[in-house]
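Here the sequence shown stands for residues -30 to -1, 1 to 1102, where the numbers follow mature numbering (1 follows the signal peptide of the UniProt record, and there is no 0). Note that beta-carbon positions come from the ideal geometry of N, C-alpha and C, so glycine has one too. Source: prediction; values computed, not measured.
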Amino acid sequence: MATKMKTWTTLYTLVFLFIIFLSSSHVAFSFSDTTCNTTPYPAFCKTTLPPQYLSTHDQFRFLLHQSLSTTKTIAALVSSYLTNHYAIPSSTLHALEDCFNLSQLNIDFLSTVLQAIQNNVNGFQVYDLHTLLSAILTNQQTCFNGFNEVTSCPVVTGALSSPLSDAIKLYTISLALFTRGWVSDATEGSTTVETITNRKLLQTSVDNVEVRQKVVVNPDGSGDFTTINDAVAAAPENSGTNNGYHVIYVVAGIYNEYVFIPKSKQNLMLVGDGINRTVLTGDRSVVDGWTTFQSATFAVVGKGFVAMNITFRNTAGSSKHQAVAVRNGADMSTFYYCSFEGYQDTLYVHSLRQFYKRCDIYGTVDFIFGNAATVFQDCNMYPRLPMLNQFNAITAQGRTDPNQNTGISIQNCCIIGASELGDATSNYNGIQTYLGRPWKEYSRTVYIESFMDGLIDPKGWTEWSGDFALSTLYYAEFANWGPGSNTSNRVTWEGYHLMDQKDALDFTVQKFIQEMHTPKGFDGRLPQPEQALSLHFSARLFPLHNTRRNQNIEEKKSSDKVYKRNIALICITTIFLVALIIGIAFSVNVETDSSHSERPQKDRVVSSVKAVRILCKPTMYQKECEKSLIKDAGNITDSRELIKIAFNVTMKRIGKGLKKIDTMRKNESDPRTKMAFGTCTQLLNLSTGEFNRAIEKMGKFDLNNLNNILTSLKVWLSGAITYQETCLDGFNNATTHSGSKMRSLLTTSMHLSSNALAIISALASTVEITEAGSRNLSEGGEHVFGHGEVVPSWVVDDDDDDGFRRLLLQNPHKLKANAVVAKDGSEKFTTIGQALKMVPKKNKRPFVIHIRGGVYHEYVEVPKFMTRVVFVGDGPNRTRITGKRNFVDGTVTYRTATVAIHGDYFVAINIGFENSAGPQKHQAVAIRVQADRSIFYKCWIDGYENTLYALAMRQFYRECRISGTVDFVFGDAVAVFQKCIFVVKKPLKNQELIVTSQGRKEKQQPTGIVIQGSIIVGNGRVKFDNKAYLARPQKSYSRTIFMNTYMEDIIEPEGYLARQGRHGPSGMNTCFYSEYNNSGPGSDKSKRVKWRGIKTLNAKSATEYSPLNFFHGDQWVRVTKIPYYPNILPKL
């Protein structure tokens, strides 16, 4: 067969040349030395190409035939050595095996290219062919490199040296001619690129990825297979990439096997139970006689491969040098939520097009290397502690030719040292860590919008050997941040660049890997909020049950009840199934259209009652829930409609209360109580507003965005409850019986509000089950970023990112202001209130108000309709807004705020907020925040008692200073404080000092205070004269977590203080207070109170309170470009 093929190839070449010689019509231009001079090997080119006049396209076709013939010769020669291998060292045999397998791939690739160019090549195919030609060259270079790593065998290397060298030259020249003849034309004629092989899938199935088959791997024998290799071997051959995925679900466990997915196994999807739960591990290494190529624990070349929620390890250790965890040579492959753990050469991004989303990569030397076109997005790189006298290099990209369309693009990632490397306080154990070094001459790596911790050496990059490749490489950085991102002392090589945004766009997903098909879990523009990673499979294929453990294999196959956690969300295809998860009575299956129904009205009403009872089952006030819904539900069984009815019933009840409050306020004579009634009116209207927008959001239910929608509903409904409770709090010190009357008046509406939240929480908890355990901390307590978000952001859902995306790409002082306020009259506005009048209602773009330095004595309110307002000051000690309203002088706490923020997406930068009433005036709020998704950066918030009222909604504080005495951070928001300073001031005599007093009333509320990577100190001599408590519970389910925070010795050893009420101390058993990985003399937990509500977090459970997890998505923070850690911060 081989002889026939060789004869045919020779005959074809002769005929091809003869036709070209006779036909002058094929001549595009005269052949000259110029053509070959444009290639890396001009002399070889001139001796190889025939002397006839040929077009570039014809020259390319001729060289392809020559390349294919040479590759087949190499494959045959290598095969002969493998067959007669008795005198060949075993390590050389490994290199020969690599060469044979890579040659077979090259034969396939060359044949594909040859077949494609027989016809007119369109713009879509050009990028596919360019990728294959780049990979062919990489494969041959890998074969060549393998012999440098193993025991020398002159007989083998001598015989292979010449054909291998010739093949590399042929591939290089072919690539150059293809680039000249096709790529340049395609680039000029196309602005939107798409791969031809997946065009149909992109157009029709992005939101509905098909599954052709699924199997389960479980080592206990209860699945279809006990090993991953067995499952891979059983997968169909050559099924193509447009026929759906073959899904292999790998149950949690440690799998000690070496897995290879060959080229014939296409569109395989490997789904695990989560990082550190499903673990694939091996220990092959170069020191033990393997080539780098063969040392991989997991290797894949099958096109369209997808992996999710799996840890891949090579445990050989740093002393064994090159030891690969994963080698990826699969075109259009994707890895989601995976961890790659090793030391040297951890992740081998070998060739073709690859995409990595929210993955963790650990290693020391060149731990991301290879020559694929690779994009890492929202990933985390963890340099580890290397061997003595070694340094860390994150990347070693292997581009050997300037015409290869390969490189490494690292976008929106985090680089932070693994725990073993230490931190800034230990100078990272003296280890130098570099962004990359040039493995090959045209090495290409870029870092875009990524966080770089202080472990990065100031020079950024390091040499491979002397001045090798320093002028030919392409290394670049754009808009990175963090201590290690300072480029002022970077290398001055000719190949190093600081990109602008235009250049950076060339390395985003859309442009760099040519819109390879993945589900919508990656960005297509720079910068763009992430979109959904939501693979919707049919219910028939993935039923929503979890009874696998108690079934034998045959029962499991017939009932198909095998998937849990991760698969649950993947399985959901319609809101029908979402409702089914929590048992809402779709099983009744009533036809709601009376014109087509054969069932009597009575049956439909009975079915509706059943649906209502199931819907109300998770509520605390079940009877009230059923009574209120049955009255208005009629014959409705649709869960969404029933939930909307529940919301509307609650709003009606609040409305009735509002009418009575108005009458009560008019009849009230006590000024403070009258003010409390007025405050209640405002708060209950806000509560109704939250239900209204919840109903509006219910109408936009979209499974691509389901978890985000449910998160927003929970936050808003929680806010509605908080507003009603805050109304009642205003009567705590009333001299009349108005407080008890109000509580009686609002009891029903508060119960109904609680029920509404419970219903949504039950649904949300079912959807969120997919996230449980999917992103645990790596062994050894190393920190993980980007934990657990599998759904799109609020920003995408609300279409509010366009302006914020550009908002903070520049220095805040250089932001273009929509209005400027100057107290000295040098600008149009002298007060902040005047400038706020310019903000459009329901503003859709950031409205920036620059407040120049000065002390502004005014009370500022940003109302609900003023969204996306941005305050930018000249510094928190220069631009200050101050007031002195307080409780002692007759103002309810809610109204004492100097500044009140209601409008969503509020941002404040470099401003001071103050209430100067003093400690003797008791409650005196500096700022009250109830704006959803609000952000404060480098602000000072100063007061005494009740300084910062984080009342409701989602709030993020970064590098702020908050000072006070009693409960000086309080409220019931979903609030995260990152790298902030809490300053405890001198109190009144006999006053207790308490940092926080969180106000979560109900267990279902998603609220709480998380203080992360911060510092708690005393002001002046306070720490010597007084001690402070970390928290006391404002409400029954108060929740506060202190993480990675430095605590001065001002903290009381007991840590926490009970709330003293009319019935004695309360909150000790129902609160949730926890400390994790804190430092400093005040962090000693040995004498902390022993309440039931004091919780202990471990590395896994602590991640639940990372900003990303606690907010259930963080894109609204990320798009502002404010410095931000999405997960666990290093210990201070």
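Check whether the Cβ of residue i lies closer than 9 Å to any Cβ atom in chain C.
| i | result |
| --- | --- |
| residue 328 | Although the question refers to chain C, the structure presented lacks it and comprises just one protein chain. |
Do you know offhand how far residue i's Cα is from residue j's?
| i | j | result |
| --- | --- | --- |
| residue 198 | residue 187 | 6 Å |
| residue 651 | residue 1026 | 35 Å |
| residue 638 | residue 864 | 19 Å |
| residue 1068 | residue 1080 | 16 Å |
| residue 1103 | residue 221 | The structure shown does not extend to residue 1103, since the chain is modelled only from -30 to 1102, so the question has no answer here. |
| residue 425 | residue 983 | 17 Å |
| residue 350 | residue 798 | 47 Å |
| residue 826 | residue 911 | 14 Å |
| residue 907 | residue 928 | 5 Å |
| residue 1059 | residue 1009 | 16 Å |
| residue 644 | residue 581 | 44 Å |
| residue 72 | residue 144 | 18 Å |
| residue 369 | residue 218 | 33 Å |
| residue 107 | residue 52 | 23 Å |
| residue 173 | residue 483 | Low confidence applies to residue 173: its pLDDT is 29, below 50, so where it sits in the model is not reliable enough to give any reading. |
| residue 249 | residue 60 | 29 Å |
| residue 462 | residue 441 | 10 Å |
| residue 686 | residue 926 | 16 Å |
At which residues does the alpha helix (DSSP H) containing residue i begin and terminate?
| i | result |
| --- | --- |
| residue 1087 | 1085 to 1088 |
| residue 70 | 60 to 87 |
| residue 355 | Segment: none, residue 355 is in no alpha helix (DSSP H) and carries neither H nor E. |
| residue 400 | Unbroken run through residue 400: none, as it is neither H nor E. |
| residue 35 | 26 to 53 |
| residue 141 | 124 to 148 |
| residue 686 | 676 to 699 |
| residue 655 | 641 to 668 |
| residue 618 | 609 to 636 |
Give me whichever residues DSSP pairs with residue i in a beta bridge.
| i | result |
| --- | --- |
| residue 1050 | For residue 1050, which the question treats as bridged, DSSP gives no partner whatsoever. |
| residue 1012 | 981 and 1045 |
| residue 1149 | The question about residue 1149 has no answer here: the residues shown for the chain are numbered -30 through 1102. |
| residue 306 | 278 and 327 |
| residue 257 | Residue 257 pairs with nothing; no bridge assigned. |
| residue 883 | 851 and 911 |
| residue 347 | 327 and 381 |
| residue 932 | 911 and 952 |
Here's a check: name, in chain order, each residue in its chain whose Cβ is nearer than 6 Å to the Cβ of residue i, leaving out the five neighbours to either side.
| i | result |
| --- | --- |
| residue 58 | 123 |
| residue 856 | 866, 887, 891 and 894 |
| residue 1103 | The requested residue 1103 does not occur in the structure, where the chain is confined to residues -30 to 1102. |
| residue 595 | 586, 589 and 725 |
| residue 437 | none |
| residue 183 | 216 |
Over the uninterrupted beta strand (DSSP E) stretch that includes residue i, give me the two end residues.
| i | result |
| --- | --- |
| residue 820 | 817 to 821 |
| residue 1030 | 1029 to 1031 |
| residue 238 | 238 to 241 |
| residue 850 | 849 to 853 |
| residue 363 | 362 to 367 |
| residue 1139 | Given a span of -30 to 1102 for the chain in the structure shown, any question on residue 1139 remains unanswerable. |
| residue 1065 | 1064 to 1066 |
Among the residues of its own chain, which have a CB less than 8 Å from the CB of residue i, if the five just before and after it don't count?
| i | result |
| --- | --- |
| residue 226 | 251 and 252 |
Ordered along the chain, which non-local residues of its own chain (more than five positions away) have a Cβ less than 7 Å from that of residue i?
| i | result |
| --- | --- |
| residue 273 | 211, 236, 300, 301 and 302 |
| residue 1092 | 778, 905, 907 and 928 |
| residue 874 | 837, 901, 902 and 903 |
| residue 45 | 70, 73, 74 and 77 |
| residue 86 | 95 and 99 |
Given 8 Å, three or more beta-carbon pairs between the stretch 93 to 105 and the stretch 365 to 376: yes
Cβ pair count under 8 Å reaching 3, the stretch 1045 to 1052 against the stretch 1076 to 1092: no
At least three beta-carbon pairs within less than 8 Å, the stretch 1011 to 1019 to the stretch 971 to 989: yes
Any 3 or more C-beta pairs closer than 8 Å across the stretch 330 to 339 and the stretch 354 to 361: yes
The stretch 712 to 729 touching the stretch 685 to 700, judged by at least three CB pairs closer than 8 Å: yes
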